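**Q** Sequences listed follow chains S and U, in order. Going by the working numbering, the residue at position 303 of the first sequence is 290; the numbering climbs one at a time, nothing skipped. Going by the working numbering, the residue at position 47 of the second sequence is 49; the numbering climbs one at a time, nothing skipped. Let me begin by handing over the structure; questions about it come next.
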Amino acid sequence: MALLQISEPGESPAPHQRRLAIGIDLGTTNSLVATVRNSIAVVLNDADGHPLLPSIVRYLADGSVQVGFAAEAQQARDAKNTIVSAKRFMGRGLKDVPYPENSPYDFVDAPGMVQIRTVAGVKSPVEVSAEILRTLRVRAEAALGISHGAASGEDGAGELYGAVITVPAYFDDAQRQATKDAAKLAGLNVMRLLNEPTAAAIAYGLDNAAEGIYAVFDLGGGTFDVSILKLSRGVFEVMATGGDSALGGDDFDHRLFCWVLERAKLAPLSDEDTRLMLSRARQVKEDLTNHVEARFNARLSTREIVDVVVNQQDFWDMSQTLVAKTLAPTRRALRDAGLAVADVKGVVMVGGATRMPHVQRAVGELFGQVPLNNLDPDKVVALGAAMQANALAGNRSSEEDWLLLDVVPLSLGIETMGGLVEKVIPRNSTLPVSRAQEFTTFKDGQTAMAIHVVQGERELVSDCRSLARFELRGIPPMAAGAARIRVTYQVDADGLMSVAAREATTGIEASVAVKPSYGLSDGEITRMLRDSFEHARDDVHLRALREQQVEGSRMVESVRAALAQDGDLLDAEERAAIDAAISALEKSMAGTDHRGIKVAIERANRATDAFAARRMDRSVKSVLAGRNIATI
Amino acid sequence: MNSPSDHFELFGLPRRFAVDLPALEKRYRDLQREVHPDRFSTAPVSEQRQSMEMATRVNEAYRTLKTPLLRVRYMLELEGGDVLAETNTAMPREFLMQQMGWREVLEEAAEARNAQRLDALDAQVGAELDATFADVEVALDARDGATSASLVRKLMFLDKLREEIGAAQERLEN
Ligand SMILES: Nc1ncnc2c1ncn2[C@@H]1O[C@H](COP(=O)(O)OP(=O)(O)O)[C@@H](O)[C@H]1O
Ligand SMILES: [Mg+2]
């Protein structure tokens, strides 16, 4: 066994024992990985010194995969097998795909989530994202001096402890779940899903010791988020968030592409030419940020030559409606926060697409102030994620003692009679949040009840996104209206929902982890995991054993720390029961049966339940006591 | 040792309608610093569960105490009163007339896309809310359950109306 490191929660481990943690910005266009070194967050570059990894994955016939620049270079030649902007398909069905007619992919309308047929087989957007995450994991491991595959390693140092992955604040439950699945597939321990604008606020706020109300305006390649935060003495409190998870720089490219198509009067394009034209459009759009005009130039496979001059004003005119689409959610977020424009101290601009002058201008006009552009809009999200990862891994020192309070972006509701939605958890509720509702039966002898959970702001179920359906069975037959079914919805700190239901008179319980209507089944995830292991020639059993051993030593370590701190809360008998569970766990960890370790961990958890509750009460009391001392 | 039994106790504040908001906010942050799940990401599952429950409770208590309407309803509940009791839901006729008048204004202004009119109505209803809160404070602190309950119902009407005005304003902007 490893030597046990005893450190109190909240206390920073000694430098050589720092846990290695990373933050990943999994972007639509570009992805990055960062970490905290000597208390400073840094982006980790690839071997050629590039910080950004284009979020592009190419599948080859021989089963190999190219990720990043190599894939980007081939996108116009092998459009069908080179997946760009896969993030736009995460947790989405075929009907949600924007302009499928201009997309070169061979979409497969799978029941959970749209999939793409490639030469290497049918791929889910989750698998595509996992390739990007895996590439970044390997990059980080190399930079941090971790040798992967040392699966038998006994000591916990030199291991990647965990990762924080960012998601657009406006991502719904299905999109978040898909991101978490992708990280799992890439072999990452996800400590937290963090909202992109919140990550940017951390990086900005900590760097500038900012206090007050700030807005973060994040327009990336495929998503738009706006968050209003209150920064006060180390607490980052999100007051409201809004956005559009299908609006970004890609849409500006598409506008320009359509405009040029019309000008040049081209015949319908092949997939390859479409991809070529779209990437030219992106280039021209970016050129127009700093130039009054730019040349749209392309040689198509039909030997046709496209040569159109675009001036800035034309581009602004054709895309003004897209800019306007960012302003409505921004106003709504302010209103939800109960704030006026004048309350906002600064507007932090994030995301490559905020470089466009007409976006800058519109935001400046709305807020009546020049937006803040003094940080790198490409890197700030990854840097904030790394800071949060460092804190969650327990590495923070006392002067880095800050806390994040985030919100649920979209209201959660359930379907009621007539296809109407009844809101249960309103948008912008601070996480974690839970609400309970009571239902009754409407027929005599009714023994089952279906509940349909949706997410969105509209009144009709058909206008909201279906999250999950579940059924409560075994209601004891009673007269209509006699049963009392209490359904509890909980949204955790990752913004993911779970539901529990119980009938009050009989205590019958049905707990369901919500499986999104748009998502992967557990079976699919297992298959993908198996495929990816085969791919990496990894040993599934060894991997599982290793995982459980790491989990087990975390458990032992933290229980020891808790006992050292609060052992006085236990009597001798209770103490003995916990000691016994811990030594049983240690014994199982010395063996090779990963299931046995898992069981021992569960037992140890149960053995420490009451202790954990008492510790929690003690810490709440300590806050109250602190007040008394200060005021007396 | 028992957990604090009600929201006021959890925040170490006296059970009164007038809440010291800066103290409430400070206590909220102090509590979340101790109990939030981010503080327990390296802890065993048993502690993570406790943290999630307590952080959820702290959020709920904060929302309730911070929001005047939720706070008065909660106080009434603590007193054993029930605002939604089916009996005695009749509102004074005068108030109902005023309500109907305001709703008419709301409909007309929304139809005519008259933002100024909406803003004026919003201010008017806001003033009425403030005045009613002042009344309910007196009734609550005097432990006059019946009067409090009827005033709280009035507040709920007004709050609903204000929400609808907000929705109409939002529709105008988009
Ligand atoms: N100089 C620029 N002018 C206009 N748009 C730009 C510029 N630089 C980058 N972009 C756009 O920003 C988007 C990518 O932003 P990024 O923040 O990297 O997105 P994501 O986080 O979604 O990956 C792309 O649409 C890209 O074309
Ligand atoms: Mg981004």
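Ideal Cβ placement from N, Cα and C applies to all residues, glycine included. These figures come from a predicted structure and were not determined experimentally.
(1) Since residue 419 of chain S contacts residue 477 of chain S with CB under 8 Å, what's their CB separation in whole angstroms?
(2) Ends of the beta strand (DSSP E) at residue 453 of chain S?
(3) Quick check: does the Cβ of residue 137 of chain U come within less than 7 Å of any heavy atom belonging to ligand 2?
(4) Against chain U, with Cβ distances strictly below 8 Å, would residue 599 of chain S count as a contact?
(5) Just curious, the alpha helix (DSSP H) that residue 371 of chain S is in, first and last residue?
(6) Could you tell me whether the Cβ of residue 20 of chain U comes closer than 8 Å to any Cβ of chain S?
(7) Using C-beta distances below 7 Å, list every residue in its chain close to residue 257 of chain S, excluding the 5 sequence neighbours before and after it, in chain order.
(8) Cβ of residue 201 of chain S within 8 Å of Cβ of residue 332 of chain S?
(9) Out of S:309, S:533, S:254, S:151, state which residue places its alpha-carbon closest to the alpha-carbon of residue 581 of chain S.
(10) Taking the DSSP output, what are the residues bridged to residue 217 of chain S?
(11) Using the beta-carbon count (16 or more within 10 Å), is residue 239 of chain S buried or exposed?
(12) So what does residue 149 of chain S bridge to, in DSSP terms?
(13) Helix, strand or coil: how does DSSP classify residue 108 of chain S here?
(14) In terms of residue numbering, what span does the alpha helix (DSSP H) encompassing residue 405 of chain S cover?
(15) Return the bridge partner residues of residue 435 of chain S from the DSSP annotation.
(16) Here's the rule: buried if 16 or more other CB atoms are within 10 angstroms of the residue's CB, otherwise exposed. What is residue 86 of chain S?
(17) Drop a sphere of 10 angstroms on the beta-carbon of residue 89 of chain U, count the other beta-carbons inside from all chains shown, and report buried for 16 or more, exposed for fewer.
(18) So, under 8 Å CB-CB, residue 43 of chain U and residue 556 of chain S are touching, yes? Tell me the CB distance rounded to an integer number of Å.
(19) Any beta carbon from chain S within less than 8 Å of residue 88 of chain U's own beta carbon?
(20) Is residue 162 of chain S helix, strand or coil by DSSP?
(21) Can you name the residues of chain S whose CB is closer than 7 Å to the CB of residue 148 of chain U?
(22) Using a Cβ-Cβ cutoff of less than 7 Å, which residues in the same chain neighbour residue 137 of chain S once the five nearest sequence positions on both sides are dropped?
(23) Say whether the segment 165 to 180 of chain S touches the segment 232 to 248 of chain S, bearing in mind that this needs 3 or more beta-carbon pairs closer than 8 Å, one atom from each stretch.
(24) With a threshold of 7 Å, establish whether the CB of residue 340 of chain S neighbours any heavy atom of ligand 1.
(25) Cβ-heavy atom distance between residue 12 of chain S and ligand 2 below 7 Å?
(26) Residue 11 of chain S and residue 153 of chain S look like a contact to me (Cβ under 8 Å); what is the Cβ gap, rounded to whole Å?
(27) Is residue 9 of chain U close to chain S, meaning its C-beta is less than 8 Å from at least one C-beta of that chain?
(28) What residues in the segment 414 to 443 of chain S have a beta carbon less than 7 Å from any beta carbon of chain U?
(29) Write down the C-beta distance between residue 260 of chain S and residue 126 of chain S rounded to the nearest angstrom, noting that I regard them as a contact closer than 8 Å.
(30) Name the chain S residues that come within less than 8 Å of residue 72 of chain U, Cβ to Cβ?
(31) Measure from the C-beta of residue 226 of chain S to each C-beta in chain U and report whether the shortest distance is under 8 Å.
(32) What is the residue span of the beta strand (DSSP E) that residue 305 of chain S lies within?
(33) Taking the C-alpha atoms as reference points, what is the distance between residue 101 of chain S and residue 335 of chain S?
(34) When every heavy atom of ligand 2 is checked, does at least one fall within less than 7 Å of the C-beta of residue 544 of chain S?
(35) Check whether chain U comes within 8 Å of residue 486 of chain S, counting only Cβ atoms and requiring the distance to be less than that.
(36) Counting only the same chain and skipping the five closest in sequence on each side, list residues whose C-beta sits under 8 Å from that of residue 163 of chain U.
**A** In this structure, then:
(1) About 7 Å; that satisfies the 8 Å criterion.
(2) For residue 453 of chain S, the enclosing beta strand (DSSP E) begins and ends at 452 to 459.
(3) The answer is no for residue 137 of chain U.
(4) Using a CB distance cut-off of 8 Å, residue 599 of chain S counts as an interface residue toward chain U.
(5) Counting along the chain, the alpha helix (DSSP H) containing residue 371 of chain S begins and ends at 367 to 379.
(6) Taking Cβ atoms only, chain S never reaches closer than 8 Å to residue 20 of chain U, which makes this a no.
(7) For residue 257 of chain S, where only same-chain residues beyond five positions count, the Cβ hits under 7 Å are 288.
(8) In this structure, residue 201 of chain S places its C-beta atom within 8 Å of the C-beta atom of residue 332 of chain S.
(9) Of the candidates S:309, S:533, S:254, S:151, the one whose C-alpha sits nearest the C-alpha of residue 581 of chain S is S:533.
(10) In the DSSP output, where bridge partners are listed per residue, residue 217 of chain S has S:200, S:224.
(11) Residue 239 of chain S should be labelled buried.
(12) The partner list for residue 149 of chain S (beta bridge, DSSP) reads S:8.
(13) If DSSP states are grouped into helix, strand and coil, residue 108 of chain S belongs with the strands.
(14) Residue 405 of chain S -> no alpha helix (DSSP H), and no H or E assigned at all.
(15) Note: residue 435 of chain S sits in no beta bridge, so no partner.
(16) When all chains shown are included, residue 86 of chain S counts as exposed.
(17) Residue confidence for residue 89 of chain U is low, a pLDDT of 49 falling below 50, so the modelled location carries little weight; the figure read from the coordinates is stated next. Residue 89 of chain U is exposed by the Cβ-count criterion.
(18) That pair is no contact at about 22 Å.
(19) In this prediction, residue 88 of chain U scores a pLDDT of 44, lower than 50, which makes its location untrustworthy; the coordinate-derived value is nonetheless stated afterwards. The beta-carbon of residue 88 of chain U is placed no less than 8 Å from the nearest beta-carbon of chain S.
(20) If DSSP states are grouped into helix, strand and coil, residue 162 of chain S belongs with the helices.
(21) Within chain S, no C-beta atom comes less than 7 Å from the C-beta of residue 148 of chain U; the nearest is roughly 26 Å away.
(22) Interpretation of residue 137 of chain S is limited by its pLDDT of 42, a score under 50 that renders its predicted location unreliable; the figure taken from the coordinates is listed afterwards. Hits under 7 Å: none found.
(23) Touching, no.
(24) Short note on residue 340 of chain S: C-beta closer than 7 Å to some heavy atom of ligand 1.
(25) Yes.
(26) With 8 Å as the limit, residue 11 of chain S and residue 153 of chain S qualify as a contact, their Cβ atoms being about 7 Å apart.
(27) No, because no Cβ of chain S sits closer than 8 Å to the Cβ of residue 9 of chain U.
(28) Hits within the stretch, in order: 417, 419, 420, 421.
(29) Between residue 260 of chain S and residue 126 of chain S, the beta carbon gap of about 33 Å keeps them out of contact (Cβ cut-off 8 Å).
(30) Chain S residues near residue 72 of chain U: none, gap ~12 Å exceeds 8 Å.
(31) Answer no: the Cβ-Cβ gap between residue 226 of chain S and chain U never drops below 8 Å.
(32) Per DSSP, residue 305 of chain S belongs to no beta strand (DSSP E); it is in the alpha helix (DSSP H), 299 to 323.
(33) About 34 Å.
(34) Incorrect: residue 544 of chain S has no Cβ contact closer than 7 Å to ligand 2.
(35) No, residue 486 of chain S does not count as interfacial toward chain U.
(36) Excluding positions up to five away in sequence, the list reads 101, 104, 105, 108, 127.
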